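Step one of this worksheet: look at the structure below.
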Amino acid sequence: MPLRIVYFGTPEFAVPALRALIGSAHSVVAVVSQPDRPRGRGQKHQPTSTKVVAEAAGIPVLQPTRLKAETFLDALRAVSPDLGVVAAYGRIIPDVVLRLPRLGMINIHASLLPKYRGAAPVHRAVIDGDAETGVTIMRVVTELDAGTMFSAGRRPIGPDETTPEVERALAELGTVLALDVIDRLAGGTAVDVPQEHAGATYARKIEREEGAIEWTLPAAQIHNLVRGLQPWPLVTARLDGTRCSIHRTRLSDDLSADVAGTITTASGSVLAVAAGDGRILHILEVQPEGKRVMTARDFMAGRRIEPGALIARDTSRDLAGDPATTDATGTERERVKGARRGAGGPADK
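Right under this line is the structure:
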């Protein structure tokens, strides 16, 4: 029997599952998204990714500022949902909402639970250098990401993949898993199992200050931070006196006896730096303050960057908040910083 579904989701991560549900035998009776927010250099209010998709399909969109507001609860009751599906909504979903759908609510969580419960599972998996991650379809309960699990799927993390790249892949994987679970819920054949709570770990939210790294860290750790702290807040540093965000790096097998942070090569397309463990890290793409993202070759053109110079730690927090350095979805900072239980998705919720 087709289900009447209310879909909670906000950024691009939530779009694939929403599109798939719209094209399925089930009926998406409402989409709940965070309110539109100002984005980009002009700081103009723009619709969220899920709102654009929902409106194009003629689906009502609810954007409450308070999830316990009676007007919002009445609107949910009016559509008589059988099931709630959550994917990167971005806010705590209170119990009064969780109880409204007849079959409860399920969450597309971007980790292999019970590992990386909480706000930023994909970011933390990349930062930690994990070789594998995945998606878990779980029941939303009061305790943080502790609900029973219906399904899970695994996916490798490439050594140079960034958080947005991994998230895009997990969004597609989560879509396949979620639709299968929804079909089984509709048919009364879904089976859920408890998590191993003793093995739970937590993916704390991403903070802006994490981008101001120390070059005394091992090269692999710096590389993982560059990959993981995308699209916000980004790793930042001072290169040739210019404050920059670093978008791409590559590990080298070469070693150096130079002090950590020393530029060992600055020629052609190669901008290489010694890390704290003596290993060399190649900087491939940077974004000078107020400029576009560019290759190391383009950055060095017209600059006198010499081997032996030091890359300085960026102690300023301004660049991380520059609209030019945020993700095109425009919801990443809110999603990563404010994520909590019940919102689902890569930053879980």
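Numbering (the working numbering), first residue to last: 2 to 350. Every residue, glycine too, gets a C-beta built ideally from N, C-alpha and C. Since this is a predicted model, take the numbers as computed values, not measurements.
Alpha helix (DSSP H) containing residue i: first to last residue?
i, result
"arginine 125", "122–128"
"isoleucine 306", "Here isoleucine 306 belongs to no alpha helix (DSSP H), and DSSP marks it neither H nor E."
"valine 53", "50–57"
"aspartate 96", "96–99"
In chain order, what residues of the same chain lie with their CB nearer than 7 Å to the CB of residue i, ignoring the 5 residues before and after it?
i, result
"serine 152", "Ile138, Leu178, Asp181 and Val182"
"leucine 101", "Leu77, Arg78 and Pro82"
"methionine 1", "Outside the displayed span of the chain (2 to 350) sits residue 1, for which this structure offers no information."
Pull up the distance between the alpha-carbon of residue i and that of residue j, whole angstroms please.
i, j, result
"arginine 20", "glutamate 173", "11 Å"
"arginine 40", "threonine 190", "43 Å"
"alanine 55", "valine 80", "15 Å"
"alanine 201", "threonine 51", "30 Å"
"threonine 217", "arginine 239", "15 Å"
"valine 123", "glycine 277", "26 Å"
"aspartate 254", "alanine 88", "40 Å"
"valine 98", "arginine 209", "31 Å"
"glycine 322", "methionine 295", "With a pLDDT of 46 at glycine 322, under the threshold of 50, the modelled position of this residue cannot be trusted, and the question is left open."
"proline 17", "threonine 266", "43 Å"
"threonine 1", "threonine 237", "In the structure displayed, the chain extends from 2 to 350; residue 1 sits before or after that span and is not available."
"aspartate 75", "aspartate 146", "27 Å"
"threonine 163", "arginine 249", "9 Å"
"glycine 242", "arginine 305", "11 Å"
"alanine 26", "glycine 105", "19 Å"
"threonine 263", "glycine 309", "6 Å"
"alanine 297", "isoleucine 312", "14 Å"
How would you call residue i, buried or exposed, if buried means at least 16 neighbouring beta carbons within 10 angstroms?
i, result
"proline 115", "buried"
"aspartate 91", "A quick correction: the sequence has glycine, not aspartate, at residue 91. Counting Cβ neighbours within 10 Å, glycine 91 comes out buried, since at least 16 surround it."
"threonine 103", "Sequence check: residue 103 is arginine here, not threonine. The residue is exposed, with fewer than 16 neighbouring Cβ atoms inside 10 Å."
"valine 141", "buried"
"proline 195", "exposed"
"threonine 66", "exposed"
"glutamine 44", "exposed"
"histidine 283", "buried"
"threonine 176", "buried"
Beta strand (DSSP E) containing residue i: first to last residue?
i, result
"alanine 220", "From DSSP, alanine 220 is part of no beta strand (DSSP E) but of the alpha helix (DSSP H) over 220–229."
"alanine 88", "84–88"
"alanine 267", "264–268"
"glutamate 166", "From DSSP, glutamate 166 is part of no beta strand (DSSP E) but of the alpha helix (DSSP H) over 164–188."
"glutamate 133", "133–140"
"valine 106", "According to the sequence shown, residue 106 is methionine rather than valine. 106–110 is the extent of the beta strand (DSSP E) around methionine 106."
Where DSSP assigns a beta bridge to residue i, which residues make up the other side?
i, result
"phenylalanine 151", "Partner(s): none; phenylalanine 151 has no beta bridge."
"phenylalanine 14", "None; phenylalanine 14 has no bridge partner."
"glutamate 286", "Arg249 and Thr296"
"tyrosine 8", "Val32 and Val86"
"arginine 314", "Ala238"
"arginine 40", "Lys45"
"alanine 275", "Ile281"
"leucine 68", "Answer is none; leucine 68 lacks a bridge partner."
"leucine 63", "Val33"
Output needed for residue i: all residues of its chain with C-beta closer than 6 Å, excluding positions within five of it in sequence on either side, in chain order.
i, result
"leucine 171", "Ala111 and Val136"
"threonine 326", "Residue placement at threonine 326 is poorly supported in this model, since its pLDDT is 35, which falls under 50; the coordinates still yield a value, given next. Contacts found: Leu235 and Ser246."
"phenylalanine 73", "Pro65"
"tyrosine 8", "Leu19, Val29, Val32 and Val86"
"proline 48", "Asp37"
"asparagine 225", "Ile128 and Gly130"
Apart from the five residues on each side of it in sequence, which residues of its chain come closer than 8 Å, Cβ to Cβ, to residue i?
i, result
"arginine 155", "Leu113, Glu133, Thr134 and Gly135"
"aspartate 219", "According to the sequence shown, residue 219 is proline rather than aspartate. So the qualifying residues of the chain are Ala276, Gly277, Asp278 and Arg280."
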